[in-house]
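Undergrad: Chains as they are written, first to last, in this note's numbering: chain R, 36 to 468; chain S, 2 to 531.
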Amino acid sequence: MNENEQTRFIDWPGRYYHIDQVLNKPGPRTDENFNAGDAVKDFLRNQCKILVIGAGGLGCEILADLALTGFKDIHVIDMDTIDISNLNRQFLFRQKDVGKSKAIVAAEFVMKRVPGVKVTPYFGKIQDKDESYYMQFHIIICGLDSVEARRWINATLVNMVDEENPESLKPLIDGGTEGFRGQARVILPTVTSCYECSLDLLSKPTAFPICTIANTPRLPEHCIEWASVLEWPHTQGDKKMDTDDPEHIGWLYDTALARAKEFEIEGVTWSLTQGVVKNIIPAIASTNAIIAASCCNEAFKIATSSSSYLDNYFMYIGTDGVYSYTFKHEQREDCPVCGGRSVLFEVDKEWTVNDLIDALLERPDIQVKKPSLAAIRKDGSTVNMYLQGPKSLEEATRPNLEKKVSDFVGDGEGIIVTATSLPLSLDLVIKYI
Amino acid sequence: MMKDSQDIETATTAVGTFRSSAQPDNKTRRYDRQLRLWAASGQNALESARVLVVSASATSTSILKNLVLPGIGHFTILDSEIVSQEDAGNNFFLEGPDSVGKSRAHEAVRLLRELNESVEGIADTSDLADRLTDSSYLASFSLIIAHNLSANLLDALSKLLWSDPSLPPLIIVHSAGFLAEFFIQIHEHTIIDSHTDAAPSLRIDKPFPALLNHAQSLDFDAMDDTDHGHIPYVLILVRALNSWKATHDGQTPKSYAERVEFKKAIIGMKKKADEENFDEAVAQAYRAWTETKVPSDIEALFSDTVLDTLDPVSPPFFHLLAALKTFASQPPYILPLTSTLPDMKADTNSYVHLQKLYKARAEEEKAQFTAILKQSGVLLDPVMVDEFVRNAHGLKIVRGRRWDILGENSETFGKLLLSKETRKETATHLALRALSRLLVKNPNTQEPTKEQLVAYIQNILPDHVELPEEVGVMVGEVARTPTADLPNTAAFLGGLVAQEAIKVITKQYVPVKGVCVVDLIGSWTGILEA
Ligand SMILES: [Zn+2]
Chain R
36 MNENEQTRFI DWPGRYYHID QVLNKPGPRT DENFNAGDAV KDFLRNQCKI LVIGAGGLGC
96 EILADLALTG FKDIHVIDMD TIDISNLNRQ FLFRQKDVGK SKAIVAAEFV MKRVPGVKVT
156 PYFGKIQDKD ESYYMQFHII ICGLDSVEAR RWINATLVNM VDEENPESLK PLIDGGTEGF
216 RGQARVILPT VTSCYECSLD LLSKPTAFPI CTIANTPRLP EHCIEWASVL EWPHTQGDKK
276 MDTDDPEHIG WLYDTALARA KEFEIEGVTW SLTQGVVKNI IPAIASTNAI IAASCCNEAF
336 KIATSSSSYL DNYFMYIGTD GVYSYTFKHE QREDCPVCGG RSVLFEVDKE WTVNDLIDAL
396 LERPDIQVKK PSLAAIRKDG STVNMYLQGP KSLEEATRPN LEKKVSDFVG DGEGIIVTAT
456 SLPLSLDLVI KYI
Chain S
2 MMKDSQDIET ATTAVGTFRS SAQPDNKTRR YDRQLRLWAA SGQNALESAR VLVVSASATS
62 TSILKNLVLP GIGHFTILDS EIVSQEDAGN NFFLEGPDSV GKSRAHEAVR LLRELNESVE
122 GIADTSDLAD RLTDSSYLAS FSLIIAHNLS ANLLDALSKL LWSDPSLPPL IIVHSAGFLA
182 EFFIQIHEHT IIDSHTDAAP SLRIDKPFPA LLNHAQSLDF DAMDDTDHGH IPYVLILVRA
242 LNSWKATHDG QTPKSYAERV EFKKAIIGMK KKADEENFDE AVAQAYRAWT ETKVPSDIEA
302 LFSDTVLDTL DPVSPPFFHL LAALKTFASQ PPYILPLTST LPDMKADTNS YVHLQKLYKA
362 RAEEEKAQFT AILKQSGVLL DPVMVDEFVR NAHGLKIVRG RRWDILGENS ETFGKLLLSK
422 ETRKETATHL ALRALSRLLV KNPNTQEPTK EQLVAYIQNI LPDHVELPEE VGVMVGEVAR
482 TPTADLPNTA AFLGGLVAQE AIKVITKQYV PVKGVCVVDL IGSWTGILEA
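1) How long is the line joining the alpha carbons of aspartate 348 (chain S) and glutamate 297 (chain R), rounded to whole angstroms?
2) Do you know how far the Cα of alanine 157 (chain S) is from the Cα of threonine 191 (chain R)?
3) Rounded C-beta distance between valine 111 (chain R) and proline 156 (chain R)? I'm assuming under 8 Å.
4) Under DSSP, the alpha helix (DSSP H) around valine 235 (chain S) begins and ends at which residues?
5) With ligand 1 as the reference, list in chain order each residue whose Cβ lies under 5 Å from any of its heavy atoms.
6) Determine the contact status of alanine 286 (chain S) and leucine 238 (chain S), defining contact as a CB-CB distance below 8 Å.
7) Just checking my contact of isoleucine 245 (chain R) with valine 311 (chain R) at CB under 8 Å: how many whole Å lie between their CB atoms?
8) Could you name the residues of the segment 45-59 of chain R whose beta carbon sits closer than 8 Å to any beta carbon of chain S, in the order they occur along the chain?
9) If you count every other CB in all the chains shown that lies within 10 Å of the CB of tyrosine 6 (chain R), and 16 or more means buried, which is it?
10) Give me the residue from R:Ala320, R:Ser181, R:Ala291, R:Glu448 with the minimum Cα distance to valine 69 (chain S).
11) Using the rule of at least 16 other Cβ atoms within 10 Å of the residue's Cβ for burial, across every protein chain shown, is valine 235 (chain S) buried or exposed?
12) Can you give me the start and stop residues for the beta strand (DSSP E) that glutamine 218 (chain R) sits inside?
13) Cα separation between lysine 153 (chain R) and lysine 66 (chain S)?
14) Give every residue of the same chain whose Cβ lies closer than 8 Å to the Cβ of alanine 361 (chain S), excluding the five residues on either side of it in the sequence, and list them in chain order.
15) Report the option in S:Thr134, S:Gly43, S:Phe183, S:Val120 whose CA atom is closest to the CA atom of isoleucine 146 (chain S).
16) Sorted by chain position, which residues of the same chain lie with C-beta nearer than 8 Å to serine 203 (chain R)'s C-beta, five sequence neighbours on each side aside?
17) Assuming proline 317 (chain S) is part of the alpha helix (DSSP H), what are its boundary residues?
18) So, is leucine 463 (chain R) buried or exposed, given that buried needs 16 or more other C-beta atoms within 10 angstroms?
19) Assuming contact is defined by CB atoms lying nearer than 8 Å, are proline 166 (chain S) and isoleucine 185 (chain S) in contact in what I supplied?
20) By the 7 Å beta-carbon criterion, what residues does the segment 486-509 of chain S contribute toward chain R?
21) Assuming valine 474 (chain S) and arginine 64 (chain R) form a contact by the criterion Cβ under 8 Å, report the distance between their Cβ atoms to the nearest whole angstrom.
22) Is there a Cβ from chain S that is less than 8 Å from the Cβ of cysteine 331 (chain R)?
23) For isoleucine 554 (chain S), return the contacting residues in chain R, with the cut-off set at a CB-CB distance below 9 Å.
24) Where does glutamine 1 (chain S) sit, in a helix, a strand or coil, going by DSSP?
25) Does the distance from the CB of threonine 482 (chain S) to the CB of valine 57 (chain R) come in under 8 Å?
26) Can you check whether the C-beta of valine 513 (chain S) is within less than 8 Å of a C-beta belonging to chain R?
27) Does the beta-carbon of valine 55 (chain S), which I'm using as the reference point, lie nearer than 7 Å to any heavy atom of ligand 3?
28) Hey, could you find the ends of the alpha helix (DSSP H) lysine 76 (chain R) is sitting in?
29) Please classify leucine 236 (chain R) as buried or exposed, where buried requires at least 16 neighbouring CB atoms within 10 angstroms.
30) Residues in the same chain with beta-carbon distance under 6 Å from tyrosine 359 (chain S), minus the five sequence neighbours each way, listed in chain order, please.
31) Measuring straight from C-alpha to C-alpha, what distance separates glycine 92 (chain R) and threonine 62 (chain S)?
32) Could you tell me which of R:Pro224, R:Val372, R:Leu396 sits nearest to proline 240 (chain R), measuring between CA atoms?
33) According to DSSP, simplified to helix, strand and coil, what is threonine 429 (chain S)?
34) Nearest to phenylalanine 349 (chain R) by alpha carbon, out of S:Val519, S:Gln44, S:Lys375, S:Glu452?
35) Am I right that leucine 336 (chain S) and alanine 329 (chain S) are in contact with their C-beta atoms under 8 Å? What's the rounded C-beta distance?
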């Protein structure tokens with residue numbers, strides 16, 4: 036029996052009664068390419084290959100929704116294992132699964148619950164896979180909580196676009212939630228605004244200045260940061276902190292509490308300690324359901340052309356009534372990933388290379404953590420200004436941090452910014468002010 | 002809330018060298034990500050809730066999934082049908098062909114219960130028509146949710162529940178294909194913790210005596226550079242405003258020019274150019290001229306009619322509100338102080354000292370408030386009183402409306418349909434309404450045609466209303482998918498409706514008013530209010 040016959044066998048009569056109402060005939064807002072009937076069903080159920088990145092809060096919902104709508108060849112990647120705090124929303128997992136791979140458990144559950152669906156898990160990082168892997172899919176859906184991972188997959192998919200080969204353009208559907216808020220968006224790499232284009236929409240994480248933590252703590256958070264950032268390396272030496280280890284959290288809590296007592300600061304709790312050191316974002320099943328359903332609905336419409344799809348951003352806020360906003364986020368001409376144009380960067384004449392790096396870290400539209408810099412002169416030659424690694428090069432270029440930017444580049448010349456965590460490089464054109 | 006004291010002990014003994022008596026038990030760990038939103042009070046409310054869901058459709062089980070996971074106390078599924086082949090294809094809480102032929106309610110309850118052992122679930126396979134007119138049965142629930150209930154049953158159910166305010170609220174959910182809507186029928190809903198973004202006043206313009214004394218007693222000029230650079234901006238502003246008032250007839254800076262001058266005066270207090278605390282004071286200077294008073298929406302609550310007929314059995318919220326009204330009717334005519342002080346540039350001592358002043362004052366004012374409450378002869382849980390006082394600036398009363406109040410006024414429909422802002426929402430609502438009525442009228446003759454649907458809509462609108470294009474589009478959509486409970490629409494509604502149910506149950510956050518309309522082709526949601 037080949038796979039198609041197996042699929043037909045499993046598709047009991049009436050199985051797709053609900054979905055087929057959409058696939059059997061066009062509606063008022065159906066794309067003109069819509070191929071109603073058997074052709075579209077065959078593509079959806081026997082040919083379409085879809086990748087889900089993340090098997091957590093959004094991922095569990097996404098996998099279930101996709102399976103029920105008739106996607107039968109689903110792949111899922113997740114590097115995490117199941118924790119007890121996942122069970123209030125990640126509904127494919129049970130208490131007995133704690134400690135196991137999210138991708139594997141989720142895949143097995145969906146295959147058991149929805150007969151005939153093949154879910155292929157990969158327990159690992161998205162960065163383990165290369166372009167040839169991503170090329171095999173028709174659509175990719177992301178349910179991630181990491182900005183870095185999203186930037187990586189976004190840039191990878193943009194880089195994959197080959198104008199000669201229409202198949203190389205992979206629609207990327209991205210969802211994200213935080214408490215009662217969330218967003219879903221459709222990215223057509225190089226065609227629409229990409230993840231990088233909208234980096235400045237992200238709220239900036241709260242960062243406490245190190246001098247406050249060390250000298251003038253006022254909040255319980257300051258005491259917790261003191262315990263984790265300063266006291267841990269000070270007293271524990273090279274021992275790596277594991278924020279999932281209750282003993283480590285216990286130590287941090289005790290240490291932070293002692294400091295708080297000393298300064299008469301109230302409010303250090305176990306829960307807050309964990310929240311601060313793990314950067315915990317509140318998460319509930321209902322918001323995840325809304326955003327995952329949006330993502331899968333767009334994937335379904337794109338895969339079947341049965342109706343027009345989101346162009347390109349849906350935002351939901353549920354704290355005060357039901358508020359949502361659907362809009363088109365514009366592509367940024369100077370987007371370092373999809374714009375293909377360099378960024379004009381204003382630099383004070385007196386700035387050192389270190390000042391420039393600080394300014395880069397502050398820019399919400401760039402968001403690099405550890406940038407390496409190389410100057411490009413008008414004659415085409417390049418000079419390393421500062422490299423984060425390898426160690427020998429870092430040491431060799433470290434003295435440059437104190438030199439002035441103007442020692443390396445003149446007005447109108449360029450600097451290439453790279454960061455190991457991101458598959459992209461950013462071209463700055465320096466303008467002195 | 003922590004019933005599992007056993008778990009705390011086991012956890013504590015299991016942990017090694019560190020003193021970790023504060024380590025949470027398994028239950029707290031499981032619910033950690035939601036407790037950070039609605040805290041133990043919200044969780045308690047959820048665990049006391051009893052929810053009835055009518056029908057075990059894909060949409061119904063999607064809603065329930067998002068209530069069982071966070072841990073509601075009890076749910077009942079009322080459904081007398083057996084699982085069909087069609088049901089088995091679109092419902093994640095049925096086991097495909099294995100469930101076909103079994104009771105839909107029993108199968109769904111069994112699989113939903115697997116999500117959370119602490120939730121009680123019951124399948125009720127009685128005849129819907131009998132149960133839905135039995136008010137003592139309905140009264141045993143705290144919330145009822147009905148998906149795609151036939152129009153005649155829905156009419157009967159919604160009328161019965163509305164007839165007696167002590168009966169539970171009802172969430173009515175309709176969907177067909179990519180279109181959907183839902184409505185919360187609720188009499189009266191009071192919210193103490195609305196999680197509003199509005200920040201309470203720091204009383205810069207009306208400093209309480211201890212704050213004013215403290216600000217005035219500091220000798221700014223005698224401080225060394227470090228101390229001077231760490232004076233909290235609150236003290237800088239109180240002091241600057243006090244000096245300003247002394248030379249301006251006791252008035253705060255009013256005009257733009259005066260405000261610029263006030264900010265200049267603050268800059269003039271700097272010893273060194275880079276003192277960030279003074280820059281903060283400039284940035285926060287608006288607090289000096291923003292008058293601390295009872296916010297207008299709280300003022301409006303003081304004229305609520307329930308306060309006129311208050312008696313011992315009135316809900317605690319209104320007794321608390323009456324006490325708040327009395328509190329605010331006395332000088333200085335403001336709400337009790339909230340002790341939360343935002344972070345600001347300061348050294349530890351001056352910040353903690355300031356925080357203590359605010360806390361002490363907040364306690365005093367809470368004591369005044371409690372005294373007022375006592376005078377009126379009401380005894381309430383101190384935890385509730387505390388929560389009320391802390392959230393006094395964000396209180397809300399929601400007075401809902403009866404289901405279908407829209408449908409009884411064709412003029413309103415006409416206006417909503419012709420207004421650009423509500424046209425697509427109204428068109429969607431009318432299309433779903435026409436569908437639900439016509440499906441009942443011809444239960445055997447299959448799906449209504451586009452023409453029948455349009456004729457129905459034209460008929461319920463005033464004669465002069467010409468149907469805009471949107472009506473044709475939305476009618477076309479429901480005619481294409483009249484009985485489709487699409488998995489994605491079900492999941493989307495499952496999230497939205499559960500979210501609103503959680504708000505209704507916890508009395509935290511603000512539930513949606515009016516009909517919430519969903520179009521998953523246009524990927525938008527909207528609100529329709531009469
Ligand atoms: Zn871009």
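Heads up, the beta-carbon is just placed ideally off N, CA and C, and yes, glycines get one too. Remember, predicted model here, so these are calculated numbers, not experimental data.
TA: Let's see:
1) In the second sequence, the residue the question calls residue 348 (chain S) occupies position 347. In the first sequence, the residue the question calls residue 297 (chain R) occupies position 262. Within the model, the alpha-carbon separation for aspartate 348 (chain S) versus glutamate 297 (chain R) is close to 14 Å.
2) Within the first sequence, the letter at position 156 stands for residue 191 (chain R). Within the second sequence, the letter at position 156 stands for residue 157 (chain S). Rounded to whole angstroms, threonine 191 (chain R) to alanine 157 (chain S) spans 57 Å at the Cα level.
3) By 1-based counting over the first sequence, the position of residue 111 (chain R) is 76. By 1-based counting over the first sequence, the position of residue 156 (chain R) is 121. Contact holds; Cβ gap of about 5 Å.
4) Reading the second sequence from its first residue, position 234 is the one you call residue 235 (chain S). Annotation for valine 235 (chain S): the continuous alpha helix (DSSP H) segment containing it runs 234-247.
5) R:Cys229, R:Glu231, R:Cys232, R:Cys370, R:Val372, R:Cys373
6) By 1-based counting over the second sequence, the position of residue 286 (chain S) is 285. By 1-based counting over the second sequence, the position of residue 238 (chain S) is 237. For alanine 286 (chain S) and leucine 238 (chain S), yes; Cβs fall inside 8 Å.
7) In the first sequence, residue 245 (chain R) corresponds to position 210, counting from 1. In the first sequence, residue 311 (chain R) corresponds to position 276, counting from 1. Between valine 311 (chain R) and isoleucine 245 (chain R) the Cβ distance is about 15 Å, and since that is not below 8 Å, they are no contact.
8) Taking a C-beta cut-off of 8 Å against chain S, the contacting residues of the segment 45-59 of chain R are Trp47, Pro48, Gly49, Arg50, Tyr51, Tyr52, His53, Ile54, Gln56, Val57, listed in chain order.
9) Since the first and last residues shown for chain R are 36 and 468, residue 6 (chain R) lies out of range.
10) As a first step, residue 69 (chain S) is located in the second sequence; it is residue number 68 there, counting from the start. Of R:Ala320, R:Ser181, R:Ala291, R:Glu448, the residue nearest in Cα terms is R:Ala320.
11) For this step, residue 235 (chain S) is matched to residue 234 along the second sequence. Buried, since its Cβ has 16 or more Cβ neighbours within 10 Å.
12) Here the question's residue 218 (chain R) lines up with position 183 in the first sequence. 216-222 is the extent of the beta strand (DSSP E) around glutamine 218 (chain R).
13) In the first sequence, the residue the question calls residue 153 (chain R) occupies position 118. In the second sequence, the residue the question calls residue 66 (chain S) occupies position 65. Each residue's alpha carbon lies about 24 Å from the other.
14) Translated into the one-based positions of the second sequence, residue 361 (chain S) becomes position 360. Ala211, listed in sequence order.
15) Position 145 of the second sequence, counted from the start, is the residue given in the question as residue 146 (chain S). Nearest option by C-alpha distance: S:Phe183.
16) By 1-based counting over the first sequence, the position of residue 203 (chain R) is 168. The residues are Met170, Met195, Val196, Asp197.
17) As a working note, residue 317 (chain S) is residue 316 in the second sequence. Element bounds for proline 317 (chain S): 317-329.
18) Your numbering for residue 463 (chain R) matches position 428 in the first sequence. Result: buried.
19) Within the second sequence, the letter at position 165 stands for residue 166 (chain S). Within the second sequence, the letter at position 184 stands for residue 185 (chain S). Not in contact: proline 166 (chain S) and isoleucine 185 (chain S) (Cβ atoms no closer than 8 Å).
20) Asp486, Leu487, Pro488, Asn489, Ala492, Phe493, Gly495, Gly496, Leu497, Ala499, Gln500, Ile503
21) What you label residue 474 (chain S) is simply residue 473 of the second sequence in a count that begins at 1. What you label residue 64 (chain R) is simply residue 29 of the first sequence in a count that begins at 1. Rounded, the Cβ-Cβ distance is 7 Å, consistent with contact.
22) Position 296 of the first sequence holds residue 331 (chain R). True, the Cβ-Cβ gap to chain S drops below 8 Å.
23) Shown here, chain S extends from 2 to 531; a query on residue 554 (chain S) therefore has no answer.
24) Summary: the structure shown does not reach residue 1 (chain S), with chain S confined to residues 2 through 531, and so no result is reported for it.
25) In the second sequence, the residue the question calls residue 482 (chain S) occupies position 481. In the first sequence, the residue the question calls residue 57 (chain R) occupies position 22. In this structure, threonine 482 (chain S) sits near valine 57 (chain R), with a CB-CB distance shorter than 8 Å.
26) As a first step, residue 513 (chain S) is located in the second sequence; it is residue number 512 there, counting from the start. So yes, valine 513 (chain S) belongs to the interface.
27) Among the ligands in the structure shown, ligand 3 does not appear; only ligand 1 can be found there.
28) Within the first sequence, the letter at position 41 stands for residue 76 (chain R). Element bounds for lysine 76 (chain R): 73-77.
29) Walking along the first sequence from the start, residue 236 (chain R) turns up at place 201. Label assigned to leucine 236 (chain R): exposed.
30) The residue given as residue 359 (chain S) occupies position 358 in the second sequence. These residues qualify, in order along the chain: Ser340, Leu342.
31) The residue labelled residue 92 (chain R) in the question sits at position 57 within the first sequence. The residue labelled residue 62 (chain S) in the question sits at position 61 within the second sequence. Near 18 Å, if we compare the C-alpha coordinates of threonine 62 (chain S) and glycine 92 (chain R).
32) As a position in the first sequence, residue 240 (chain R) is number 205, starting the count at 1. Among R:Pro224, R:Val372, R:Leu396, the Cα nearest to that of proline 240 (chain R) belongs to R:Leu396.
33) Position 428 of the second sequence, counting from 1, holds the residue named residue 429 (chain S). Note: threonine 429 (chain S) maps to helix in three-state DSSP.
34) The residue given as residue 349 (chain R) occupies position 314 in the first sequence. Answer by Cα proximity: S:Val519.
35) As a position in the second sequence, residue 336 (chain S) is number 335, starting the count at 1. As a position in the second sequence, residue 329 (chain S) is number 328, starting the count at 1. Leucine 336 (chain S) to alanine 329 (chain S), Cβ: 6 Å. Contact.
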